[in-house]
Amino acid sequence: MLNESQTEDFHAEDEEVNLLPLDDDSVEWIEIVLDTAADLEIELSAESISAFFNEAKENWYAKEEDEREDPTGYMVTAGVLAGQLIVEEHDGDWVLVELPEGNQLGVVDPVSEVVLVPLDTVAEIWFDEIDLDINTFIDECLSDTPDYDNPTASGEEGSCGCNCGC
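Per the UniProt record's numbering, the sequence shown runs over residues 1 to 166.
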């Protein structure tokens, strides 16, 4: 995690992105989400996160529009867990990404040298705003050679030819 005196600049799509260390409230919020996920028996694994997300999404979309609850909790839980996978598997760091619309939680992935905003990605997947499913996104989060711009669906032939999704 970035310390209090550090900020980092990253370039994303020819735009400078300022990264700030997490404040105490953000750290506490992430811990609460992770504790809640543990209480719900959602493990920090691709299978568990994907199963939770897919079941919640399927049940939510099966309801009539006027009967649907706010899906934010589902998206936040899956997004924080995906981010935590990057933190733990790739020795990443949670950060605040300073954006014009306000600061957002992000994760620096040192393996791919990118900054992700996993909560936004998960929300886009939930609402089918991007051509990506949660399983593929989680697989990329765990990959030793992640390519978040061009993810390969699990089971499709990847660059090594072994159908591992690499």
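Backbone N, C-alpha and C define an ideal beta-carbon position, used for all residues, glycine too. Note that this is a predicted model, so its numbers are computed, not measured.
The beta carbon of proline 71 is closer than 7 angstroms to those of Trp60 and Trp126 in its chain, skipping five residues each way along the sequence.
Note: glutamate 98 is bridge-paired with Asn18 in the DSSP secondary-structure output. Distances from the CA of valine 111 to each of Thr121, Leu132, Pro100 and Gly92 were compared; the closest alpha carbon is that of Gly92.
Below 8 angstroms, too few C-beta pairs join the stretch 48-62 and the stretch 96-108 to call them touching: fewer than three. The Cβ atoms of alanine 78 and phenylalanine 52 sit closer than 8 angstroms to each other.
Collapsing the DSSP output to three states places leucine 105 in a strand. For leucine 116, the enclosing beta strand (DSSP E) begins and ends at 114-116. Cα atoms of aspartate 35 and glutamate 16: separation of roughly 34 angstroms, rounded to the nearest angstrom.
A residue is called buried when at least 16 other Cβ atoms come within 10 angstroms of its Cβ; valine 117 meets this threshold and is buried. A direct Cα-to-Cα measurement between glutamate 55 and glutamate 88 gives close to 25 angstroms.
In the displayed model, aspartate 35 falls within a helix according to three-state DSSP.
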